[in-house]
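Structure, as structure tokens:
Numbering (the working numbering), first residue to last: 1124 to 1261.
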């Protein structure tokens, strides 16, 4: 089987304030991660269990979060600060052009000013509802 590994270089994270018609790139992103799905478990134990083992059934899916590390920029920081807790469309476009589109809100913004490295920021977005994945070429 041929190796299908790809670099994430040139991937981007964008937001839309018009319902997903047009998108604006979010600053100079370094690492982008997410969505990171997590299914919830529902414990369905009862006194009628046949043994002493927990029984579960699948529950709802937490769609997780999107996060990105940013090169700090005062204008990007101000824009993001104004978006805290506001639901809107976000899109990750990977280097090979597959995309994730999700409705999310900025839930965390942190800034870092180390003595011996660049000023940086980290933005974390909480996804609300089911995101849409579109493979490249679709």
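Note that beta-carbon positions come from the ideal geometry of N, C-alpha and C, so glycine has one too.
Rank the options by C-alpha distance to the C-alpha of residue i and give the top, closest one.
| i | options | result |
| --- | --- | --- |
| residue 1211 | 1259, 1248, 1234 | 1248 |
| residue 1150 | 1245, 1254, 1159 | 1245 |
| residue 1176 | 1184, 1183, 1182, 1166 | 1166 |
| residue 1154 | 1215, 1220, 1226, 1256 | 1215 |
| residue 1256 | 1186, 1239, 1191, 1181 | 1186 |
| residue 1237 | 1171, 1194, 1126, 1140 | 1194 |
| residue 1135 | 1168, 1182, 1192 | 1192 |
| residue 1203 | 1217, 1227, 1232 | 1232 |
| residue 1133 | 1230, 1221, 1217 | 1217 |
Rounded to whole angstroms, what is the Cα-Cα separation between residue i and residue j?
| i | j | result |
| --- | --- | --- |
| residue 1173 | residue 1179 | 14 Å |
| residue 1253 | residue 1241 | 35 Å |
| residue 1223 | residue 1159 | 12 Å |
| residue 1235 | residue 1201 | 15 Å |
| residue 1163 | residue 1182 | 5 Å |
| residue 1197 | residue 1156 | 23 Å |
| residue 1169 | residue 1161 | 25 Å |
Quick check on the burial criterion: 16 or more other C-beta atoms within 10 angstroms. Buried or exposed for residue i?
| i | result |
| --- | --- |
| residue 1138 | buried |
| residue 1259 | exposed |
Answer yes or no: does any C-beta atom of chain B fall closer than 9 Å to that of residue i?
| i | result |
| --- | --- |
| residue 1145 | No chain B is part of this structure, which consists of one protein chain only. |
Only counting runs of 3 or more residues, tell me where the beta strand (DSSP E) segments fall wholly within the stretch 1171 to 1243, in order along the chain.
Listed in chain order, they are 1179 to 1185, 1188 to 1194, 1210 to 1216, 1222 to 1235.
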